[in-house]
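> There's a structure below that I have some questions on.
Encoded structure:
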């Protein structure tokens with residue numbers, strides 16, 4: 269397990285039963301980047317990866 273998996277595991281444990289829209293997730297990611305601009309690149313990479321999951325070209 270990577271150190272970063274702890275946050276993923278906490279998210280699953282605390283909020284794993286909730287359902288959210290992708291619009292809500294996008295708003296939360298934007299709020300996070302606004303508050304933590306040093307994380308803009310990794311958050312943008314994650315958002316792009318999520319947006320293209322079903323794209324056969326990627």
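In the numbering used here, the protein residues as written are 269 to 326. Every residue gets a Cβ at the ideal spot worked out from N, C-alpha and C, and that includes glycine. Just so you know, these numbers come straight off a predicted model, no measurement behind them.
Alpha carbons only, please: which of 305, 303 and 289 is nearest the one belonging to residue 318?
Working through the chain shown from its first residue, we reach residue 318 at position 50. The option with the nearest alpha carbon to residue 318 is 289.
> Cα separation between residue 281 and residue 322?
Within the chain shown, numbered from 1, the residue matching residue 281 stands at position 13. Within the chain shown, numbered from 1, the residue matching residue 322 stands at position 54. Approximately 26 angstroms between the Cα atoms of the pair.
> Quick one: grab the DSSP three-state call for residue 287.
Mapped onto the chain shown, residue 287 falls at position 19. Coil at residue 287, not helix or strand.
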